Ligand SMILES: [Fe+2]
Ligand SMILES: [Fe+2]
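Numbering (the numbering used here), first residue to last: 191 to 498.
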């Protein structure tokens with residue numbers, strides 16, 4: 191019989207406690223202010239009567255700028271994410287300790303990226319602030335109703351965020367930006383490990399229900415920033431540049447995590463579990479075709495642009 195959510199939360203609590211210990215032993219303390227080139231900063235217009243931001247101020251390529259904005263606005267919506275996980279995982283015991291620790295670590299990311307972008311004049315600060323207001327006012331609500339679905343979602347999402355930060359840093363062509371985003375990506379990797387290990391334990395407790403949750407999430411996965419204004423266009427620019435695209439999503443996010451959970455080696459699933467796994471396999475095969483086609487078309491687009 192399927193375990194209830196309350197039973198799962200209870201059974202997983204010792205795993206959370208163990209993962210917390212592992213996380214705290216691995217996580218290195220770091221300071222956002224050390225990653226910002228403050229001497230490059232100068233006053234803006236307004237209160238201090240400096241110079242307003244202009245297009246020519248930014249040294250970064252457009253795709254890196256777009257990606258930094260998407261990544262930052264995504265980090266900015268932390269209050270909504272905290273609400274979602276605190277509601278599901280609770281704020282007590284080991285679960286609560288993790289929820290607060292995770293929130294504190296994530297809070298650092300938005301602070302550091304915003305300082306960097308403002309000091310180096312990498313993006314228009316007025317447009318950025320308006321976008322932040324619009325994005326946060328809309329809030330974020332998870333579309334996943336169960337704890338297992340949410341655990342599956344964050345396992346993939348933390349890894350997706352890690353890759354997006356890391357590749358944005360590379361695309362920036364800016365040593366300082368790359369260093370900061372690599373530092374943030376290391377945090378995201380530890381977050382991914384935490385959730386991935388937790389879901390692995392859930393597979394032991396209730397393999398059929400967990401398989402169903404994983405399949406549902408893989409089939410409907412959307413980045414948390416997908417509600418950002420103009421996201422579709424921004425995502426296309428990001429994908430064109432190879433910062434984050436379907437190929438990376440499949441090869442560097444979905445497959446490694448699914449492999450860690452050994453989803454295709456599990457034995458003894460019931461009919462529901464088998465059905466979920468078959469759906470997952472079919473979806474991955476379809477995604478492979480779409481990803482391959484995307485890469486081909488992108489190469490053609492780039493070749494055409496090069497001859498122009
Ligand atoms: Fe983050
Ligand atoms: Fe994270």
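Glycine residues also receive a C-beta, built at the ideal position from the N, C-alpha and C atoms. A quick note: this is a predicted structure, and the numbers were derived from the prediction, not measured.
| Asked | Found |
| --- | --- |
| Heavy atom of ligand 2 within 7 Å of residue 377 beta-carbon | yes |
| Buried or exposed by the 16-neighbour rule on C-beta atoms within 10 Å, applied to residue 446 | exposed |
| Sub-8 Å separation of residue 313 and residue 258 beta-carbons | yes |
| Backbone secondary structure at residue 442 - three-state DSSP | helix |
| contact_flag[the stretch 450-460, the stretch 261-274] where n(CB pairs < 8 Å) is 3 or more | no |
| Given residue 340 as reference, the closest of 367, 386, 380 once Cα atoms are compared | 386 |
| C-alpha distance - residue 297 paired with residue 218, whole-angstrom precision | 15 Å |
| Proximity test, residue 351 beta-carbon vs ligand 2 heavy atom, cut-off 7 Å | yes |
| Cβ pair count under 8 Å reaching 3, the stretch 399-408 against the stretch 323-333 | no |
| Proximity to residue 252 [Cα-Cα], best of 424, 212, 489 | 424 |
| Cβ pair count under 8 Å reaching 3, the stretch 353-371 against the stretch 452-466 | no |
| Nearest-angstrom beta carbon gap, residue 343 and residue 225 [assumed within contact, 8 Å] | Contact doesn't hold; Cβ gap of about 29 Å is too wide. |
| Three-pair Cβ contact test at 8 Å for the stretch 432-441 versus the stretch 478-495 | yes |
| Status (buried if at least 16 other CB within 10 Å, exposed otherwise) for residue 414 | buried |
| Length of the line joining the Cα atoms of residue 196 and residue 202 | 10 Å |
| Any non-hydrogen atom of ligand 1 within 7 Å of residue 374 CB | yes |
| Pick from 375, 456, 391, 268 that is closest to residue 504, judged by C-alpha positions | This structure cannot settle anything about residue 504, because the visible part of the chain is limited to 191 through 498. |
| Nearest to residue 471 (by Cα), restricted to the options 404, 485, 420 | 404 |
| Neighbour flag for residue 497 against chain D, beta carbons, 8 Å | Considering every chain present, this structure includes no chain D. It has just one protein chain. |
| Cβ contact (3+ pairs, closer than 8 Å) linking the stretch 209-223 and the stretch 376-390 | yes |
| Heavy atom of ligand 2 within 7 Å of residue 348 beta-carbon | yes |
| Whole-angstrom distance between residue 244 and residue 349, CA atom to CA atom | 34 Å |
| Supposed close pair residue 473, residue 409 - CB separation, criterion 8 Å | 5 Å |
| Residue 478: first and last residue of the uninterrupted alpha helix (DSSP H) it sits in | 461-497 |
| Collapsed DSSP secondary structure at residue 274 in the structure displayed | helix |
| Option in 249, 428, 265, 237 with minimal Cα separation from residue 321 | 265 |
| Buried or exposed by the 16-neighbour rule on C-beta atoms within 10 Å, applied to residue 490 | exposed |
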